[in-house]
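Everything below concerns the one structure shown next.
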Amino acid sequence: MHDDTLVFPVQDVKEESGKTVSLLIYSLKDANTWTLSKGMSDGGCSDPSVVEWGEKVKKLIMMTACDDGHRRVYESGDKGDSWTEALGTLSRVWGNKKGNVKGVRSGFTTAKIDGDDKRNVMLVTLPVYSSKETEKEGNGKGKLHLWLTDNTHIVDIGPVSDDDAAASSLLYRSGKDGGNKEEELIALYEKKDDDGKPSPGMVSVLLTEQLQRVKDVLATWKKVDDLVSKLCLSKCDVESALPWQCLQPYC
Numbered sequence: 013m014h015d016d017t018l019v020f021p022v023q024d025v026k027e028e029s030g031k032t033v034s035l036l037i038y039s040l041k042d043a044n045t046w047t048l049s050k051g052m053s054d055g056g057c058s059d060p061s062v063v064e065w066g067e068k069v070k071k072l073i074m075m076t077a078c079d080d081g082h083r084r085v086y087e088s089g090d091k092g093d094s095w096t097e098a099l100g101t102l103s104r105v106w107g108n109k110k111g112n113v114k115g116v117r118s119g120f121t122t123a124k125i126d127g128d129d130k131r132n133v134m135l136v137t138l139p140v141y142s143s144k145e146t147e148k149e150g151n152g153k154g155k156l157h158l159w160l161t162d163n164t165h166i167v168d169i170g171p172v173s174d175d176d177a178a179a180s181s182l183l184y185r186s187g188k189d190g191g192n193k194e195e196e197l198i199a200l201y202e203k204k205d206d207d208g209k210p211s212p213g214m215v216s217v218l219l220t221e222q223l224q225r226v227k228d229v230l231a232t233w234k235k236v237d238d239l240v241s242k243l244c245l246s247k248c249d250v251e252s253a254l255p256w257q258c259l260q261p262y263c
């Protein structure tokens, strides 16, 4: 985190209900003492991944795979002592699985991309199943897709590979890191065997084309946002506005 706190997502099983819950374990700087967060997800939500989000006000965002078939996303501003489901933004946007098939952990990271503007965004990798594949027992083959969001817009950037993928993680490195002047986005994922079970090996993919697609989408968002802002009047213009004009000083 920005204050050098080390944070790791973990899961546990509640004795009274037998359901899996997601929570955090963290250490303040020295890594000698670890604290388990007091708050946790709803029961039945597992395989958590977590990022820190925000400019002036920092918070943790945790994505989980839940038994109800959705990816529930939670927010916390107190290092996991309490969690609020991010309804209306990211929670339940993505599906999880079908039937009793075990969920998988998503790749989840933040980055500052988009030229001089350096917009803060979140990048997510999740397996996506076609309608034909979801009719098969065990969900069928899931292709890993990369998603982009700024907590307002969400877009599917496209597939990462054609492999049948399970759990994944993401690494973004800016061009200012060390002596490397090139931006890099890397996906690491479990590739399933022919029997549909995760193999012990991992696959690493450099997402050069997908990173460029991310930049193109961000440029489009910026143009659209600029256009919308010009359609909206400032507060001092409201009284003189025509009826058909956008009366949103509140844009």
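The numbering used here runs 12 ahead of the 1-based position in the sequence shown.
Virtual Cβ for every residue (Gly too), placed ideally from N, Cα, C.
None of the values given here were measured: they were computed from a predicted structure.
Asked, Found
"Look at the Cβ atom of residue 174, then the Cβ atom of residue 155, and state whether they are nearer than 8 Å.", "yes"
"Assuming residue 54 is part of the alpha helix (DSSP H), what are its boundary residues?", "Segment: none, residue 54 is in no alpha helix (DSSP H) and carries neither H nor E."
"I need the straight-line Cα distance from residue 46 to residue 73, nearest angstrom please.", "20 Å"
"Give the straight-line distance between the Cα atoms of residue 48 and residue 33, rounded to the nearest whole angstrom.", "13 Å"
"Report all residues from its chain with a CB closer than 6 Å to the CB of residue 228; omit the five preceding and five following residues, and keep chain order.", "none"
"Along the beta strand (DSSP E) that carries residue 177, what are the first and last residues, could you check?", "166-185"
"Could you pull out every residue in the same chain whose Cβ sits closer than 7 Å to the Cβ of residue 89, ignoring the five residues on either side in sequence?", "71"
"So, is residue 43 buried or exposed, given that buried needs 16 or more other C-beta atoms within 10 angstroms?", "exposed"
"Excluding the five sequence neighbours on either side, which residues of its own chain have a C-beta within less than 7 Å of the C-beta of residue 40, listed in chain order?", "17"
"Rounding to the nearest angstrom, what Cα-Cα distance links residue 221 and residue 198 in this structure?", "11 Å"
"From what residue to what residue does the beta strand (DSSP E) around residue 84 run?", "83-88"
"List the residues that DSSP assigns as beta-bridge partners of residue 23.", "34"
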